[in-house]
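Step one of this worksheet: look at the structure below.
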Amino acid sequence: MLSLFYCSSDGIMKKSLKIRDAIFINAIYLIMDVILAPFIAIIFLTLWRIKPFLRAVSDSKTELPSDYWQWCLSKYSGDQVRGAVLKHFLLLLIVDVPCLVLFVINTVFLIRLPAIASALLSSSSFHDEYPFVLIGETINLAVDLVYIFLGVCLFLMRPISTVM
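Under my numbering, the letters of the sequence shown match residues -7 to 156, in that order.
Set out below in structure tokens:
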């Protein structure tokens, strides 16, 4: 049986190397999937990026070969799914978490909350416009707070100037 892999026939040797390569590649894919499993759990537990994530995963579906060994040797759409997992996890971490802080700041002051709500309700793609709307409204809030501070200062100084 061992002589089967060491015979001089190139066809048998190439087939065994292809099978070994396929097993090695699938083992690497399995390790990558295990590493990405917590990221998928975080995406689903936050409930924030589920809809765009599922849309990205469903768009990455391709036809798989019917033969098992052809499927093992071919590159299938798993790379696109892994890319979608990383993309949406990084968007969640880099964009959405800082925007939550901005949203809390805007919510505490209540001045810009109606503007944020109307801008987000009128937007066509909520997940794409959410960070830009929040950043813009936070800048407007900072400008409003400066003018409110100046108004309060002038309001307090008015009685002082009338007494003198």
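Yeah, the Cβ is synthetic: ideal placement off N, Cα and C, and Gly gets one too.
Between the C-alpha atoms of residue i and residue j, what's the straight-line distance to the nearest angstrom?
i     : j    : result
I32   : V77  : 6 Å
H119  : I140 : 31 Å
D25   : N18  : 10 Å
F(-3) : S8   : Caution applies to F(-3), whose pLDDT of 45 falls short of 50 and renders its modelled position unreliable; the model cannot decide the point.
S110  : N98  : 14 Å
L90   : R12  : The question names Leu, but residue 90 in the sequence shown is Pro. So the alpha carbons of these two residues sit roughly 46 Å apart.
E129  : I15  : 53 Å
Pull up the CB-CB distance for residue i and residue j, whole angstroms please, since I reckon it's below 8 Å.
i   : j   : result
P44 : H80 : 7 Å
V49 : V73 : 5 Å
Please return the same chain residues whose Cβ sits closer than 7 Å to the Cβ of residue i, not counting the five positions on each side in sequence.
i   : result
T38 : L84
Taking C-beta to C-beta, are residue i and residue j nearer than 8 Å?
i    : j    : result
R104 : N132 : yes
I108 : V135 : no
Y21  : G75  : no
L112 : Y122 : yes
Would you mind reading off the limits of the alpha helix (DSSP H) that contains residue i?
i    : result
L102 : First-last for L102: undefined, no H or E at that position.
D71  : 70 to 83
V87  : Neither: V87 is in no alpha helix (DSSP H) and is coded neither H nor E.
S50  : 42 to 51
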